[in-house]
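Trainee: Residue numbers (our numbering): 15 to 64.
Here it is, the structure, as structure tokens.
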């Protein structure tokens with residue numbers, strides 16, 4: 015497995031609360047939820063390149 019890259023982000027309190035709620039519902043850690051969201055955005059932007 016590749017070594018991960020550590021990043022730090024600052025979220026508005028309401029966004030952080032939404033992220034925490036999403037993570038609780040899905041059983042994910044914050045980093046996994048952010049990675050999933052970024053992956054989805056990446057896929058959406060690349061649909062025309064197939």
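Each residue gets a CB set at the ideal place from its N, CA and C atoms; glycine is no exception.
What residue does the alpha helix (DSSP H) around residue 29 start on, and which one ends it?
Mentor: Taken as a continuous stretch (DSSP letters only), the alpha helix (DSSP H) holding residue 29 covers 27-40.
Trainee: To the nearest angstrom, report how far apart residue 38 and residue 19 are at their CA atoms.
Mentor: About 24 Å.
Trainee: Closest to residue 29 by CA distance: which of 44, 53, 57 is it?
Mentor: Comparing Cα positions, the closest option is 44.
Trainee: Comparing alpha-carbon positions, which option in 51, 21, 16 lies nearest residue 33?
Mentor: Among 51, 21, 16, the Cα nearest to that of residue 33 is on 51.
Trainee: Would residue 32 pass as an interface residue toward chain C - the criterion being a Cβ-Cβ separation below 7 Å?
Mentor: Reference to chain C is not applicable here, since this structure consists of a single protein chain.
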